[in-house]
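Trainee:
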Amino acid sequence: MSASTVTGTLTSLSDDKKILTITRTGGATGLAAYYLADNAIVNIDGLSNASLFDLVPGMSSSWIC
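-2 is the number of the first residue of the sequence shown in the numbering used here; add one for each residue after it.
1) Going by C-alpha distance, which of N36, I19 and T2 is nearest G27?
2) Taking the Cβ atom as the reference point for each residue, do T22 and T8 lie within a distance shorter than 8 Å?
3) Does L44 pass the burial test, meaning 16 or more other C-beta atoms within 10 Å, or should it be called exposed?
4) Enumerate in chain order the residues of its own chain whose CB-to-CB distance from A47 is below 7 Å, with the five nearest sequence positions on each side excluded.
5) Reducing DSSP to helix, strand and coil, say where L33 ends up.
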């Protein structure tokens, strides 16, 4: 399965950090939910060791899923 980039705003992240829900913007709009792998990599400008715990609803970004 190949990865694709989705642009949108984080709507929610489940308590167990397994399901990411975003409101998509751009070409495809609406809600989208993604199951996260145990080894998901998080990159946030300005944070050297970002993790899933640093994600908060309302963040806008490009997500590689």
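Positions of the beta carbon are idealized from the N, C-alpha and C atoms, including for glycine.
Mentor: Let's see:
1) I19
2) no
3) exposed
4) V39, N40 and I41
5) coil
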